[in-house]
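In the working numbering, the protein residues as written are 3 to 111.
What follows is a set of notes on a single structure, which appears directly below.
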């Protein structure tokens, strides 16, 4: 069994849902498996739709590798406001260092 960590998903209206996540999963996969409806993930993580857009605070953002050019290109087309630490959750792979972080969900995808 994979080692587990805890993630917090905060909706645009401030509600927080805490879920268990396996190391090696993506933030998007964890959301889908926990019925976090605010993440559309229409392409299933293929990096072609940008419907898994999330916001990270600066502390959480520093724990992930910098986004690659293709992700940055996709972020240009997000519907919700793009912020400094906007990311596509399909590109955020989880490790032990991500235990307890909060993922903020946009009000629309």
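We put the beta carbon where it would ideally sit given N, CA and C, even for glycine.
Remember, predicted model here, so these are calculated numbers, not experimental data.
Inset, instruction - Could you check which residue in 97, 105, 23, 67 has the C-alpha nearest to that of residue 36? - result: Counting from one through the chain shown, the residue named residue 36 turns up at place 34. Closest by alpha carbon: 23.
Legend entry - Start and end residues, beta strand (DSSP E) containing residue 61: By one-based count along the chain shown, residue 61 stands at place 59. Counting along the chain, residue 61 falls outside any beta strand (DSSP E), though it belongs to the alpha helix (DSSP H) covering 60-63.
Inset, instruction - Keeping to the same chain, check which residues put their C-beta closer than 7 Å to that of residue 7; ignore five residues upstream and five downstream. - result: Sequence index remark: in the chain shown, residue 7 carries index 5 (1-based). For residue 7, where only same-chain residues beyond five positions count, the Cβ hits under 7 Å are 23, 25, 96, 98, 100, 101.
Legend entry - Assigned exposure category for residue 32 - 16 Cβ within 10 Å defines buried: In the chain shown, residue 32 corresponds to position 30, counting from 1. Buried.
Legend entry - Every unbroken alpha helix (DSSP H) within the segment 22-73, with a cutoff of 4 residues, ordered by chain: 29-35, 60-63
Legend entry - Where residue 83 falls: helix, strand or coil (DSSP): One-based indexing of the chain shown puts residue 83 at position 81. DSSP places residue 83 in coil when its eight states are reduced to three.
Legend entry - Cβ-Cβ distance between residue 1 and residue 105 below 8 Å: As shown, the chain starts at 3 and ends at 111. That puts residue 1 outside it, with no answer to give.
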